[in-house]
Amino acid sequence: MLFSKDELNAFLEQSQTKYQDEGYSKADITKLTRRDFGIWLDDLKTDLKEQILSNSLLDPKGKKDRVLKAEFDFEYFARTYFPHYFSIDGACALHKDLSATFEKISSSKSGDKYAYAAPRGHAKTTYCSQLFPLWCICFNKKKFIVEISDSVELVEACLEAIKTELEDNANLKMDFPNVCGISKNWKIGEFISKNGVKLKAFGSGKRLRGIKYGVYRPDLAILDDLENDTNVRSKEQRDKLEAWLDEAVLNLGSVDGSLDVLYIGTILHTDSVLARKLKLKFWNAKKYQSIIEYPKRMDLWEEWSNIYKNVSRDASDEYYIRRKSLMDEGSVVLWQEALNILKLMQKRAENLKSFNKEQQNDPRSETQIFTKESLHFYKELPKIDYFVMYIDPAGEKKKSDYTAITVLGVDKKEAKIYIAESIVAVMKTKKTIKEIIRLHQVYKCRVLAIETNGGQEFFRGWIRDKAFDLGVKLPLKGVNNVANKGLRIEELEVPIDDGEILFHKSQTLLISQLLEYPEAKNDDAPDSLAGAYSLTKLAKNRARRRL
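Residue numbers (the numbering used here): 80 to 626.
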């Protein structure tokens, strides 16, 4: 990668400010900044050429064996011909998984979609936007590759790096003479290799409909950091970008379904487009974090952090060296050789919010109420004294089309409440009624309640009628919620923090909606949980009255 997004933004801002101060018009500033960008690219390419030329030459006698192995082994290809990108040793799960994905893409005739959330500084762009396209070019694995990023200049730089390899990499020239060298179409942001593979760069949100290379439609789309910190804040912008991705990008390919889409980036917002795609199984999604497992002795790290921030770095280093084995115990990081636990904890101490977002793919809003650390889990339900059920049906006046059903189990002796069921789904009326009756037959709830806001009173009658027909006694009551929904959900903070409410790890939708609240697209599951939690108090009072 010739430069980072931060370096690009700094360059563009400096160039634009310079011409603004000199009184140029907006149109002229755009042209002049573009000219400066081209000059800057040339300088960076010169630096890359020097790195390439410093590589040792491969033995010509081993050409045949190298090419045969490199065709099906991406990691071997990358490390053999581009050692200048591998100055840091060590295994990284992200790189291994990406290599496996590249090999899967290259061996399959049918297209697929892949979404990866990767931390900053883990060579995701180098792998996905430079080395993978080079592999596709050298072995004609793809015919028309498009690279798309939030800033078109970022992917233009990736294409320039690829071109530099094809022009100046002696080992590549020796083993792939029919591929290397300059062709007739060889410009910034677009080129065609000597063996006829086209690459083109685009900025996110740009017009893509109908793009072709002769008779070919794109067969590989690489999406690298589609969002930025500014536009990701707006739900309108997030919705607009997702619509563009779904409608324009995913329809770039041929009707035969051969288009592969590789979407990689960092999660900048809990409801970012990347975050949305990671929830969809058909995107073959994976999320990576720099710290996979935190150290056991976080109390020592808190003391270290205080020294690092308030005394000096030298003092914090001395503290760490004395207790290294204790402080390292239990920690697992994604790429030990690049970012060990000390370096990562330094980043964490410097800016926790930025660290969670950039390194952990866990962006946290300043308004976030529920955190992963506050959740408590159970593996199996213990002996439960009684269950309650709360139903929040979809309705015409509700923004969501989802029906949410929560079943809670109460252990009076331990004063714990277990979330036995959290169901959030689009369900027609008949299916909803069947599900409610089924759950009651399983859990024999002491009380059931259904939200009757928005004209849903009739629904309660239907449930009772069906239960009566089946001979099921249903202690069902209607609830007309007049309290603010946000306040109802926020009242869960204390019982969740205190471990009174326990979750099961299978309840992923409920957990994600809680962690993303109040900025989540939907909050049906937390709202239903709040309703069910209030029922546990009601059921407890009923039991007391019977006594």
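Cβ coordinates follow ideal geometry from the N, Cα and C atoms, glycine included.
Along the chain, where does the beta strand (DSSP E) that runs through residue i open and close?
{"i": "A300", "result": "L299 to D303"}
{"i": "G565", "result": "Where G565 is concerned, there is no enclosing beta strand (DSSP E), although the alpha helix (DSSP H) it sits in stretches over K564 to E569."}
{"i": "D350", "result": "Neither: D350 is in no beta strand (DSSP E) and is coded neither H nor E."}
{"i": "S228", "result": "F223 to S228"}
From the DSSP output, which residues share a beta bridge with residue i?
{"i": "E500", "result": "V486"}
{"i": "G557", "result": "I529"}
{"i": "K411", "result": "It is worth fixing the name first, because residue 411 is Val in this sequence and not Lys. Paired residue(s): E372."}
{"i": "G275", "result": "G275 is not bridged to any residue."}
{"i": "M468", "result": "V486 and L527"}
{"i": "E92", "result": "The partner list for E92 (beta bridge, DSSP) is empty, contrary to what the question assumes."}
{"i": "Y342", "result": "A194 and L302"}
{"i": "G141", "result": "DSSP, once it has assigned bridges, lists no residue as partnering G141."}
{"i": "E269", "result": "K266 and K279"}
{"i": "K495", "result": "D490"}
Indicate the three-state DSSP secondary structure (helix, strand or coil) for residue i in the structure shown.
{"i": "M80", "result": "coil"}
{"i": "S404", "result": "helix"}
{"i": "Y292", "result": "strand"}
{"i": "A157", "result": "helix"}
{"i": "D580", "result": "First, the residue type needs correcting, since residue 580 is Ile and not Asp in the sequence shown. I580: strand per DSSP, three-state reduction."}
{"i": "A149", "result": "helix"}
{"i": "A417", "result": "coil"}
{"i": "F537", "result": "helix"}
{"i": "F165", "result": "coil"}
{"i": "F456", "result": "strand"}
{"i": "Q447", "result": "coil"}
{"i": "D100", "result": "helix"}
{"i": "I550", "result": "Before going on, a small fix: residue 550 reads as Gly here, not Ile. Of the three classes helix, strand and coil, the one that applies to G550 here is coil, per DSSP."}
{"i": "C259", "result": "coil"}
{"i": "T309", "result": "coil"}
{"i": "Y206", "result": "helix"}
{"i": "N601", "result": "coil"}
{"i": "I575", "result": "helix"}
{"i": "Y481", "result": "coil"}
{"i": "D335", "result": "coil"}
{"i": "D441", "result": "coil"}
{"i": "G610", "result": "helix"}
Relative to the C-alpha of residue i, which residue among the options is closest?
{"i": "F281", "options": "S337, R199, S208 and I216", "result": "S208"}
{"i": "F434", "options": "I448, I370, D152 and I568", "result": "I370"}
{"i": "L324", "options": "S351, V334, L347 and K266", "result": "S351"}
{"i": "G488", "options": "M506, K513, V503 and V521", "result": "V521"}
{"i": "G557", "options": "G610, A604 and K84", "result": "G610"}
{"i": "E569", "options": "L589, L593, D577 and L581", "result": "L593"}
{"i": "D121", "options": "F82, D303 and V505", "result": "F82"}
{"i": "A197", "options": "I343, P162, Y103 and D602", "result": "I343"}
{"i": "T309", "options": "N88, F156, F116 and E182", "result": "N88"}
{"i": "I224", "options": "F582, I290 and T508", "result": "I290"}
{"i": "P162", "options": "E493, S313, V258 and N248", "result": "N248"}
{"i": "R567", "options": "D548, D100 and Y612", "result": "Y612"}
{"i": "E408", "options": "E315, W380, R312 and I261", "result": "W380"}
{"i": "I575", "options": "F211, P605, V505 and W414", "result": "P605"}
{"i": "E452", "options": "R539, E500 and M377", "result": "M377"}
{"i": "D318", "options": "E514, S135 and A599", "result": "A599"}
{"i": "S166", "options": "E182, S133, Y193 and K142", "result": "S133"}
Quick one: measure Cβ to Cβ for residue i and residue j, integer angstroms, because I've assumed they're closer than 8 Å.
{"i": "A546", "j": "I516", "result": "6 Å"}
{"i": "A300", "j": "V340", "result": "5 Å"}
{"i": "Y469", "j": "T485", "result": "5 Å"}
{"i": "K279", "j": "E269", "result": "5 Å"}
{"i": "F456", "j": "H583", "result": "7 Å"}
{"i": "K128", "j": "E239", "result": "That belief does not hold up - the Cβ atoms of K128 and E239 are roughly 11 Å apart, past 8 Å."}
{"i": "S337", "j": "D298", "result": "5 Å"}
{"i": "I346", "j": "S272", "result": "At roughly 34 Å, the Cβ-Cβ gap does not stay under 8 Å, so I346 and S272 are not in contact."}
Alpha helix (DSSP H) containing residue i: first to last residue?
{"i": "S178", "result": "A172 to S186"}
{"i": "V231", "result": "V231 to D247"}
{"i": "E437", "result": "L431 to E437"}
{"i": "E514", "result": "T508 to Y522"}
{"i": "T125", "result": "K105 to L132"}
{"i": "S199", "result": "Before going on, a small fix: residue 199 reads as Arg here, not Ser. Note, R199: premise wrong, no alpha helix (DSSP H); not H, not E."}
{"i": "A378", "result": "The sequence as given places Asp at residue 378; Ala does not occur at that position. It spans M377 to N389 - the alpha helix (DSSP H) in which D378 sits, taken as one unbroken run."}
{"i": "Q586", "result": "Q586 -> no alpha helix (DSSP H), and no H or E assigned at all."}
{"i": "Q316", "result": "K314 to W323"}
{"i": "W362", "result": "Segment: none, W362 is in no alpha helix (DSSP H) and carries neither H nor E."}
{"i": "L213", "result": "F211 to C217"}
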